[in-house]
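Asker:
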Amino acid sequence: MDFDDERPQQQVTGVVIITLPPSDNPSFGKTITAFTLTNDVLPQSLTTQEPDQVLPTTRVVSSPPPSSQSPQLGFSFSGFFSENPRKLLGFLGVSLFALLLYSSCFSSTFVELRNSNDNDDDNKPESFIFPLYHKLGAADLELKLGRFVDVVDMENLVVSINGGPMETKMVNKLVAANSVVMDSSATILPVRGNVYPDGLYFTCMLLGNPQRPYFLDIDTGSDLTWIQCDAPCSSCAKGANPLYKPTKVNIVPSGDSMCMEVQKNQKPQICETCEQCDYEIEYADRSSSLGVLAKDKLHLVTANGSITNLDVVFGCAYDQQGILLNTLSKTDGILGLSKAKVSLPSQLASKGIINNVVGHCLATDVASGGYMFLGDDFVPNRGMSWVPMLGSPSIEFYHTQLVKINYGSSSLSLGAKDSDKAGVVFDSGSSYTYFTKQAYAELVSSLTEVSELGFIQDASDPTLPICWRAPFPIRTIMDVKKYFKTLTLQFGSKWWIISKKFHIPPEGYLIISKKGNVCLGILDGSNVHDGSTLILGDISLRGQLVVYDNEKQKIGWGPSGCGKPSRFKSLPFFEG
């Protein structure tokens, strides 16, 4: 058929399809879809709707015609359908059905796409990415989740800054054991670490003038970033690097807004002679850190290679107690990444340096560690599941709501005050994951089935509360993975098809101890936080890119190898 022939009496130039609403729900209204045929492209559609109805619009994406370089292979859709109107209607019907099926199965409840044009603004804040490293030689279990509360005991202490005595007081404790714009870029740092035997992941930051490196544990459950400090130090571990040495000009005064933020839950007091801002932090693992607030230059390398130097407030920690003295043998402090105003990402966001977005990717491979970033440039455009971030003025950590837990196909009770829902906290400062008392008991009961496969519980292994001796030699979790089932945390809805799911495979809750046993890395959280909240620690966060979007108040995750962000072919600081 010649494309130039005119046959108006026979040619089909368009088709209108009217879709009536279902009989059981006429409120959906009817949809009118008009298809127009041209000689240049595949049929296009324009979907309209009744003026008084609010319906989603369906769009058929057109494709360019085949190349005309080979006339023998040329094909005319217009000519074909002009002579075969029934085939046209059949084709359009199948296409429309496929589109409706696709839109119902792959709606925004599953995958949320971010704006891909975020890189068009040259005046946007910067992006930073950080490597993560593992700390060798520390086998301690860490749990740093907490929040600021008022302290009743105001015992006076004395610390000397730059040779001069200054009065200091215990002001706040970060306690959890019994209570518990503009387009942006991102900062990105490599990360190293592991769950066992090291118990944490850490990165390196450059601070001071001249700049010096400090290794900091990354902790989304901590507000304040702090570094061991020679003020002088009354109780410090040797650390990976020399102690930070402040001068009087570095000390933050008590009237500073950051000091007021740290002390916001303290009973009102008047201190006209105070020249510094004191703090005490007590973590859920009973560790503590005492110090004063300081301010100094933080040196960040942006994604494009430029260097940003800016003043940040952090803790100059001169008295550490408890398990911190062990974990600080190869690190220098803690990097606070919570939602609090004193956290590093919040400080950078308040200066317009980044959008307040934090992400980390903890590798399952001990050799690689992973990476973390500040800002939103490294958030993937697809493949992320998102849930709303819950919060209140007294909660600064990353908290959302869970509706169901499954071990394999078996449902576990949430064990929360509200039996239909339970809170979940994402905490990179905790080595292991904590379930509510009832969920933990039911999980342990379900795991007794492995005894039928020859796994014998070994009470002599002190690594974790529950360890099994396998009926054969094992070297990695992969050797026993098939004997255990996947845990599934369900968010948003109890309806499986429309809910968001966080899958924890056996390697996300099991470790191999030094005795060669298989140990359960999920613990009883009865005495952690409020006892009715699940804590997702490093063991279960590995192999996932986890993003905390404080701008849009949501938490997202997606599977990843965590070698490096997909935008980078190679990063020099990831090597070695």
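Residue 211 in UniProt numbering sits at position 211 of the sequence shown, with consecutive numbering throughout.
Ideal placement from N, C-alpha and C gives every residue a C-beta, glycine not left out.
Since we're looking at a predicted model, the values are computed, not measured.
Going straight from the alpha carbon of M205 to that of Y214, what length do you get?
Answerer: Taking the sequence shown and counting its residues from 1, the one referred to as residue 205 is at position 205. Taking the sequence shown and counting its residues from 1, the one referred to as residue 214 is at position 214. Rounded to the nearest angstrom, the two C-alpha atoms are 5 Å apart.
Asker: Quick check: is any heavy atom of the ligand GDP less than 7 Å from the C-beta of S350?
Answerer: Ligands in the displayed structure: none, and consequently the ligand GDP is not present.
Asker: If you run the structure through DSSP and keep just helix, strand and coil, what is N355?
Answerer: Counted from its first residue, the sequence shown places residue 355 at position 355. In the structure shown, N355 sits in coil (DSSP, three-state: anything other than H, G, I, E or B).
Asker: How should R542 be labelled, buried or exposed, when 16 other C-beta atoms within 10 angstroms of its C-beta is the threshold for buried?
Answerer: As a first step, residue 542 is located in the sequence shown; it is residue number 542 there, counting from the start. Buried, since its Cβ has 16 or more Cβ neighbours within 10 Å.
Asker: Just the Cα atoms here: how many angstroms apart are I307 and D365?
Answerer: For the purposes of this step, residue 307 is taken as the residue at position 307 of the sequence shown. For the purposes of this step, residue 365 is taken as the residue at position 365 of the sequence shown. Looking at the two C-alpha atoms, the distance is approximately 30 Å.
Asker: Is the beta carbon of G558 sitting closer than 8 Å to the one on G383?
Answerer: Your numbering for residue 558 matches position 558 in the sequence shown. Your numbering for residue 383 matches position 383 in the sequence shown. Contact flag set, yes.
Asker: Can you tell me whether A367 is buried or exposed, with buried defined as 16 or more other CB within 10 angstroms of its CB?
Answerer: On the sequence shown, residue 367 is found 367 positions in, with the first residue counted as 1. By the neighbour-count rule (16 or more Cβ atoms within 10 Å), A367 is not buried but exposed.
Asker: Counting C-beta neighbours from all protein chains within 10 Å, is the total for K515 16 or more, i.e. buried, or is it exposed?
Answerer: Along the sequence shown, one-based indexing puts residue 515 at 515. Burial call: exposed.
Asker: From G221 to P471, what distance separates their C-alpha atoms?
Answerer: Taking the sequence shown and counting its residues from 1, one reaches residue 221 at position 221. Taking the sequence shown and counting its residues from 1, one reaches residue 471 at position 471. Whole-angstrom Cα-Cα distance: 39 Å.
Asker: Can you tell which of F426, D296, G391, N309 has its C-alpha closest to the C-alpha of I353?
Answerer: Counted from its first residue, the sequence shown places residue 353 at position 353. The candidate whose alpha carbon is nearest that of I353 is N309.
Asker: Does the contact criterion of 3 or more C-beta pairs under 8 Å hold for the region 449 to 458 versus the region 423 to 441?
Answerer: The region 449 to 458, when compared against the region 423 to 441, does not touch it at the 8 Å Cβ threshold.
Asker: Compare the C-alpha of K248 against each of V262, E261, D230, G391 and name the closest.
Answerer: For the purposes of this step, residue 248 is identified with residue 248 of the sequence shown, where counting begins at 1. Among V262, E261, D230, G391, the Cα nearest to that of K248 is on D230.
Asker: Using 8 Å for Cβ pairs, my map puts L335 next to I218. What's the rounded Cβ distance?
Answerer: As a first step, residue 335 is located in the sequence shown; it is residue number 335 there, counting from the start. As a first step, residue 218 is located in the sequence shown; it is residue number 218 there, counting from the start. That belief holds up - the Cβ atoms of L335 and I218 are roughly 5 Å apart, short of 8 Å.
Asker: Could you work out which residue in K330, F130, Q438 is closest to H299 when comparing CA atoms only?
Answerer: Numbered from 1 along the sequence shown, position 299 holds the residue referred to as residue 299. Here the closest residue by C-alpha is F130.
Asker: What residue from I512, Y279, I281 has the CA that sits closest to I466's CA?
Answerer: Indexing the sequence shown from 1 puts residue 466 at position 466. I466 has its Cα closest to that of I512, out of I512, Y279, I281.
Asker: Run through DSSP, which three-state label would Y201 get?
Answerer: For the purposes of this step, residue 201 is identified with residue 201 of the sequence shown, where counting begins at 1. Strand, per DSSP.
Asker: Report the residue from V424, F426, V358, S445 whose alpha carbon sits nearest the alpha carbon of L412.
Answerer: Numbered from its first residue, the sequence shown carries residue 412 at position 412. Nearest option by C-alpha distance: S445.
Asker: What do you get for Q320, buried or exposed, if any count of 16 or more other CB atoms within 10 angstroms of its CB means buried?
Answerer: In the sequence shown, the residue the question calls residue 320 occupies position 320. With 16 or more other Cβ atoms within 10 Å, it is buried.
Asker: Counting Cβ pairs, one atom from each stretch, are 3 or more of them under 8 Å apart for the region 521 to 541 and the region 332 to 351?
Answerer: No contact exists between the region 521 to 541 and the region 332 to 351.
Asker: Would DSSP call G391 helix, strand or coil?
Answerer: The sequence position of residue 391 within the sequence shown is 391, counting from 1. G391: strand per DSSP, three-state reduction.
Asker: Among residues of its own chain, excluding the 5 on either side of S234, which ones have a beta-carbon nearer than 7 Å to its beta-carbon?
Answerer: Residue mapping note: residue 234 aligns to position 234 of the sequence shown, counting from 1. These residues qualify, in order along the chain: Y318, D319.
Asker: For A422 and F491, I'd like the C-alpha separation in whole angstroms.
Answerer: Taking the sequence shown and counting its residues from 1, one reaches residue 422 at position 422. Taking the sequence shown and counting its residues from 1, one reaches residue 491 at position 491. Going by the C-alpha atoms only, they are around 10 Å apart.
Asker: From the DSSP secondary-structure annotation, give me the bridge partner or partners of L191.
Answerer: In the sequence shown, residue 191 corresponds to position 191, counting from 1. Note that residue 191 is Val in the sequence shown here, rather than Leu. DSSP output for V191 lists G370 as bridge partner(s).
Asker: Does the distance from the CB of R192 to the CB of F202 come in under 8 Å?
Answerer: As a working mapping, residue 192 is identified with position 192 in the sequence shown. As a working mapping, residue 202 is identified with position 202 in the sequence shown. Yes, Cβ-Cβ distance for R192 and F202 is below 8 Å.
Asker: Restricting to Cα atoms, I'd like to know which of L489, I395, S460 is closest to F435.
Answerer: To locate residue 435, count along the sequence shown from 1; it is residue 435. Comparing Cα-Cα distances from F435 to each of L489, I395, S460, the minimum goes to L489.
Asker: Let's test the definition: count the other Cβ atoms within 10 Å of the Cβ of K494 and tell me whether it reaches 16, buried, or not, exposed.
Answerer: Mapped onto the sequence shown, residue 494 falls at position 494. When all chains shown are included, K494 counts as exposed.
Asker: Candidates K554, P462, N550, L443: which alpha carbon is nearest L337's?
Answerer: By 1-based counting over the sequence shown, the position of residue 337 is 337. Among K554, P462, N550, L443, the Cα nearest to that of L337 is on N550.
Asker: Under a Cβ-count criterion, where at least 16 other Cβ atoms within 10 Å of its own Cβ denotes burial, should P242 be classed as buried or exposed?
Answerer: On the sequence shown, residue 242 is found 242 positions in, with the first residue counted as 1. P242 is exposed by the Cβ-count criterion.
Asker: Just curious, the beta strand (DSSP E) that S288 is in, first and last residue?
Answerer: Against the sequence shown, residue 288 aligns to sequence position 288. Counting along the chain, the beta strand (DSSP E) containing S288 begins and ends at 288 to 301.
Asker: The beta strand (DSSP E) that contains E282, what's its start and end?
Answerer: Translated into the one-based positions of the sequence shown, residue 282 becomes position 282. Looking at the DSSP string, the run of the beta strand (DSSP E) that includes E282 is 278 to 282.
Asker: Measuring only the C-alpha atoms, how far is K482 from Y407?
Answerer: Against the sequence shown, residue 482 aligns to sequence position 482. Against the sequence shown, residue 407 aligns to sequence position 407. So the two alpha carbons sit approximately 14 Å from each other.
Asker: Quick one: is Q553 buried, meaning 16 or more other Cβ sit within 10 Å of its Cβ, or exposed?
Answerer: Position 553 of the sequence shown, counted from the first residue, corresponds to residue 553. It is exposed - the Cβ of Q553 has fewer than 16 other Cβ atoms within 10 Å.
Asker: From the DSSP output, which residues share a beta bridge with R542?
Answerer: Here residue 542 refers to the residue found at position 542 when the sequence shown is read from its first residue. Note: R542 sits in a beta bridge opposite L362.
Asker: Closer than 8 Å by C-beta to T302: which residues in its own chain qualify, once you throw out the five before and the five after it? Chain order, please.
Answerer: Within the sequence shown, the letter at position 302 stands for residue 302. Here the set comprises E126, S127, F128, S185, T187, T308.
Asker: Hey, would you say D458 sits closer than 8 Å to N517, going by beta carbons?
Answerer: Counting from 1 along the sequence shown, the entry for residue 458 is found at position 458. Counting from 1 along the sequence shown, the entry for residue 517 is found at position 517. Yes, the pair counts as a contact, with Cβ atoms nearer than the cut-off.
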